[in-house]
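Protein chains in written order, with this note's numbering: chain A, 315 to 728; chain B, 5 to 254.
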């Protein structure tokens with residue numbers, strides 16, 4: 315059923331020149347730099363339409379499921395981003411992109427030229443830059459006495475519609491913030507698409523603790539592209555939990571730009587039915603004395619499929635790099651599939667880099683042990699799976715939130 | 005009153021017959037020990053009764069309180085009241101002892117929502133104290149990185165928390181030092197009652213000094229070949245299994 319829906323090819327009106335002209339006209343109030351960005355992105359989108367089928371960045375991916383041909387139009391995204399929790403602070407700025415563009419567009423203009431993770435999802439990147447009509451902007455000051463926590467909901471639109479969100483997170487030098495992003499559907503019929511593009515600029519000595527939870531409705535599509543720029547001695551701990559949507563393309567890139575930066579990227583997938591999670595990552599070391607650690611764990615039931623392609627890239631200047639990358643997959647059915655493509659590209663000669671990937675099926679002795687205590691099979695699988703990804707959940711330093719995540723995973727086993 | 009009656013049980017593993025028309029009855033309130041050399045089928049008996057999927061039951065019955073366990077799923081057998089303390093407890097990374105035992109208890113409740121966490125932890129901590137298990141273990145992953153003694157204590161903790169009708173202890177003494185053996189045995193002895201039966205599988209008489217059995221059976225090539233009281237274990241310890249082998253050959 316899901317396959318049929320995905321394969322129904324239509325030409326969305328947002329691919330037409332007329333649609334873009336009309337969109338641009340409706341946004342004529344926006345500053346000139348933004349109009350230029352949209353126009354340039356639109357042109358790049360049209361130029362890049364002829365994607366090579368042998369693009370390594372799409373290896374193992376059923377690309378047709380991750381395109382935009384099954385959307386009819388763009389959603390009015392005016393209420394699709396909501397700040398639902400923020401600690402008090404007078405020195406920091408946060409708001410929806412819409413409001414920032416109305417009140418203080420110069421805040422965003424510095425980021426007009428920023429590139430995306432550029433790990434293959436060119437269409438998503440250009441479409442989002444062309445048509446984004448919501449998102450958020452956060453700028454955190456470097457006052458160490460203020461540890462800001464923000465929680466934001468991104469809501470998926472109805473079936474046939476797609477929302478484009480573009481977000482900016484700026485941490486001034488020595489700023490600290492915890493950012494929680496929930497990607498949700500209001501109800502079971504919210505089966506549209508959500509394309510999300512985020513730039514993180516992490517100042518010197520700043521600390522970002524970011525948690526992403528994607529639990530959108532069955533049938534929906536999720537594209538998430540994010541680019542972290544880390545400056546000297548900054549730290550990012552990024553924890554991503556992927557549970558929902560029928561198909562997800564996730565691209566995460568950490569650029570360790572200056573000495574002493576530390577990028578930690580943890581994620582899990584809990585997949586079932588025919589869900590597809592296509593995850594591409596890059597840890598790009600451009601400066602010496604930086605460290606990065608990536609751990610991706612996927613649990614797949616039924617006919618779910620995951621793809622992990624991760625690259626550690628170390629430039630010749632990035633001596634004394636310490637970089638790790640691990641992907642572990644647990645398959646709970648014969649039909650589930652996990653493809654893994656770990657990669658290293660090292661140009662420096664004094665580095666410590668390790669990478670590894672494993673895929674295993676449910677250990678029958680482990681299962682028997684739990685069954686022998688009276689725990690039913692589905693509950694036993696749920697417990698073992700939760701145990702498998704606990705290493706990721708444990709990175710979330712908020713007890714209520716960790717319990718919420720565990721409950722969401724358990725719901726996948728009912 | 006929980007009696008275990010095994011009648012003519014035959015079990016294969018990978019097409020090799022290990023138990024051959026094995027029969028045994030352990031009345032409620034009694035502790036029976038099974039001893040026997042390696043490969044005699046002791047662990048096969050325990051795994052087959054718990055319905056391990058690698059063991060094929062070819063025939064026979066195993067009744068607990070009149071309910072035939074053969075053909076039931078492992079979780080159903082457990083909920084029917086049979087507890088197997090493993091010889092080699094399995095490590096389950098990421099699953100804490102507290103959550104594991106909680107899941108097992110909730111699986112036995114008609115309405116799992118009626119579970120009362122405060123009462124549960126009170127009981128859990130009490131039993132951990134009794135078994136000399138540090139309370140910090142509740143948040144440790146099940147058997148993950150545990151010493152042999154810690155694993156066996158954890159098995160007895162599970163047994164105590166689940167309050168089964170009948171317990172099988174499969175070489176619980178292996179890997180235990182004297183102090184741990186005393187503690188584990190005390191835990192088992194505290195659960196002895198007129199209603200509950202025990203089947204203790206061991207190689208050594210030493211365990212039976214602490215858990216004194218009502219009967220001792222000697223197993224050989226998948227069958228009980230001799231039964232007696234505790235003195236039989238002492239005799240085995242001094243004479244070795246060759247003594248039985250020679251008697252059987254005669």
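Every residue, glycine too, gets a C-beta built ideally from N, C-alpha and C.
On a predicted model such as this, the values are computed, not experimentally measured, just so you know.
#### Entry: Beta-ladder partner(s) of residue 347/A, from DSSP
Position 33 of the first chain, counted from the first residue, corresponds to residue 347/A. According to DSSP, which records beta bridges pairwise, residue 347/A is partnered with nothing at all.
### residue 210/B CB to nearest heavy atom of the ligand ATP below 7 Å
This structure does not include the ligand ATP; it has no bound ligands of any sort.
### Task
In angstroms with no decimal places, state the Cα-to-Cα distance between residue 217/B and residue 72/B.
Working through the second chain from its first residue, we reach residue 217/B at position 213. Working through the second chain from its first residue, we reach residue 72/B at position 68. Answer to the nearest angstrom: the Cα atoms are 25 Å apart.
### Distance, residue 361/A Cα to residue 440/A Cα
Stepping through the first chain from its first residue, residue 440/A is reached at position 126. Stepping through the first chain from its first residue, residue 361/A is reached at position 47. When rounded, the distance between both Cα atoms is 10 Å.
### Message
Counting C-beta neighbours from all protein chains within 10 Å, is the total for residue 758/A 16 or more, i.e. buried, or is it exposed?
### Response
Here chain A covers residues 315 to 728 and nothing more, so residue 758/A does not appear.
### Query
Could you give the distance in angstroms between the alpha-carbon of residue 192/B and the alpha-carbon of residue 184/B?
Numbered from its first residue, the second chain carries residue 192/B at position 188. Numbered from its first residue, the second chain carries residue 184/B at position 180. So the alpha carbons of these two residues sit roughly 12 Å apart.
### Query
By DSSP, does residue 669/A sit in helix, in strand, or in coil?
Within the first chain, numbered from 1, the residue matching residue 669/A stands at position 355. It is a strand residue.
### Message
Between 649/A, 644/A, 575/A, 688/A, which has its C-alpha nearest residue 636/A's C-alpha?
### Response
Counting from 1 along the first chain, the entry for residue 636/A is found at position 322. The residue with the shortest Cα to Cα distance from residue 636/A is 575/A.
### Query
In this structure, does DSSP put residue 223/B in helix, strand or coil?
The residue labelled residue 223/B in the question sits at position 219 within the second chain. Looking at residue 223/B - three-state DSSP - the assignment turns out to be strand.
### Message
According to DSSP, is residue 561/A part of a helix, a strand, or is it coil?
### Response
In the first chain, counting from the first residue as 1, residue 561/A sits at position 247. Of the three classes helix, strand and coil, the one that applies to residue 561/A here is strand, per DSSP.
### Task
For residue 352/A, count neighbouring Cβ atoms within 10 angstroms of its own Cβ and tell me buried if that reaches 16, exposed if not.
As a position in the first chain, residue 352/A is number 38, starting the count at 1. Flag for residue 352/A reads buried.
### Minimum C-alpha distance to residue 81/B - residue among 94/B, 66/B, 232/B
The sequence position of residue 81/B within the second chain is 77, counting from 1. Nearest C-alpha to residue 81/B: 66/B.
#### Entry: Helix, strand or coil at residue 253/B according to DSSP, with G and I counted as helix
Stepping through the second chain from its first residue, residue 253/B is reached at position 249. Looking at residue 253/B - three-state DSSP - the assignment turns out to be helix.
### Task
Determine the burial state of residue 177/B: buried for a count of at least 16 other Cβ atoms within 10 Å of its Cβ, exposed for fewer.
Residue 177/B sits at position 173 when you count from the first residue of the second chain. Buried.
### Task
Check whether the Cβ of residue 695/A lies closer than 8 Å to any Cβ atom in chain B.
Here residue 695/A corresponds to residue number 381 of the first chain, with the count starting at 1. Chain B contact via Cβ: absent.
### Query
Cβ of residue 596/A within 8 Å of Cβ of residue 625/A?
For the purposes of this step, residue 596/A is taken as the residue at position 282 of the first chain. For the purposes of this step, residue 625/A is taken as the residue at position 311 of the first chain. Yes, the Cβ-Cβ distance between residue 596/A and residue 625/A is below 8 Å.
### Query
How would you list, in chain order, the residues of chain A whose beta-carbon sits under 8 Å from the beta-carbon of residue 115/B?
The sequence position of residue 115/B within the second chain is 111, counting from 1. What residue 115/B touches in chain A: nothing, since even the nearest Cβ is about 15 Å away.
### Message
Going by the DSSP bridge assignment, what does residue 408/A pair with across the sheet?
### Response
As a working mapping, residue 408/A is identified with position 94 in the first chain. 452/A.
### Message
Run through chain A and tell me which residues come within less than 7 Å of residue 112/B, C-beta to C-beta.
### Response
As a first step, residue 112/B must be located in the second chain, where it is residue number 108. Per Cβ cutoff of 7 Å: 688.
### Message
Tell me the rounded alpha-carbon separation between residue 524/A and residue 513/A.
### Response
Walking along the first chain from the start, residue 524/A turns up at place 210. Walking along the first chain from the start, residue 513/A turns up at place 199. Whole-angstrom Cα-Cα distance: 13 Å.
### Query
Given residue 702/A, which residues of its chain have a CB within under 7 Å of its CB, disregarding the five upstream and five downstream residues?
Taking the first chain and counting its residues from 1, the one referred to as residue 702/A is at position 388. Result list for residue 702/A: 611, 613, 644, in chain order.
### Query
Can you pull the DSSP bridge partners for residue 524/A?
The sequence position of residue 524/A within the first chain is 210, counting from 1. Paired residues: 493/A, 552/A.
#### Entry: Through-space distance from residue 145/B to residue 239/B, alpha-carbon basis
Locating residue 239/B in the second chain gives position 235, counting from the first residue. Locating residue 145/B in the second chain gives position 141, counting from the first residue. Distance between the alpha carbons of residue 239/B and residue 145/B: 41 Å.
### Task
Say whether chain A places a C-beta atom closer than 8 Å to the C-beta of residue 79/B.
On the second chain, residue 79/B is found 75 positions in, with the first residue counted as 1. Output row for residue 79/B: interface = yes.
### Task
Would you identify the three-state DSSP class for residue 437/A, choosing helix, strand or coil?
As a position in the first chain, residue 437/A is number 123, starting the count at 1. It is helical.
### Task
Just mark residue 317/A as buried or exposed, buried being the case when its beta carbon has 16 or more other beta carbons within 10 Å.
Counted from its first residue, the first chain places residue 317/A at position 3. Low local confidence applies: a pLDDT of 45 at residue 317/A is under 50, so the model's placement there is unreliable, with the coordinate-based value given in what follows. Exposed, because fewer than 16 other Cβ atoms sit within 10 Å of the Cβ of residue 317/A.
### Query
How many angstroms separate the CA atom of residue 628/A from the CA atom of residue 540/A?
Residue 628/A sits at position 314 when you count from the first residue of the first chain. Residue 540/A sits at position 226 when you count from the first residue of the first chain. Their Cα atoms are separated by approximately 19 Å.
### Query
My guess is that residue 604/A and residue 573/A are in contact by the Cβ rule of under 8 Å, so how many angstroms apart are they, rounded?
Along the first chain, read from residue 1 onward, the residue named residue 604/A stands at position 290. Along the first chain, read from residue 1 onward, the residue named residue 573/A stands at position 259. About 7 Å separates the two Cβ atoms, so the contact holds.
### Task
Determine which residues of the stretch 702-714 of chain A have a Cβ less than 8 Å from any Cβ of chain B, and write them out in chain order.
702, 703, 704, 705
### Task
Give a yes or no on contact between the stretch 78-97 of chain B and the stretch 682-695 of chain A, applying the rule of three or more CB pairs nearer than 8 Å.
yes
### Message
Can you look up residue 657/A in the DSSP assignment and give me helix, strand or coil?
### Response
Numbered from its first residue, the first chain carries residue 657/A at position 343. Note: residue 657/A maps to strand in three-state DSSP.
### Query
At least one CB of chain A closer than 8 Å to the CB of residue 166/B: is that the case?
For the purposes of this step, residue 166/B is taken as the residue at position 162 of the second chain. Yes, residue 166/B counts as interfacial toward chain A.
#### Entry: Alpha-carbon spacing of residue 26/B relative to residue 227/B, whole angstroms
Numbered from 1 along the second chain, position 22 holds the residue referred to as residue 26/B. Numbered from 1 along the second chain, position 223 holds the residue referred to as residue 227/B. Their Cα atoms are separated by approximately 5 Å.
### Boundaries (first-last residue) of the alpha helix (DSSP H) holding residue 245/B
Walking along the second chain from the start, residue 245/B turns up at place 241. Counting along the chain, residue 245/B falls outside any alpha helix (DSSP H), and DSSP gives it neither H nor E.
### Query
Should residue 504/A go down as buried or exposed, given a rule of 16 or more other Cβ atoms within 10 Å for buried?
Position 190 of the first chain, counted from the start, is the residue given in the question as residue 504/A. Buried, since its Cβ has 16 or more Cβ neighbours within 10 Å.
### Query
With DSSP run on the structure shown, which of helix, strand or coil describes residue 283/A?
Residue 283/A falls outside the range modelled here, since chain A spans only 315 to 728, and no answer is possible.
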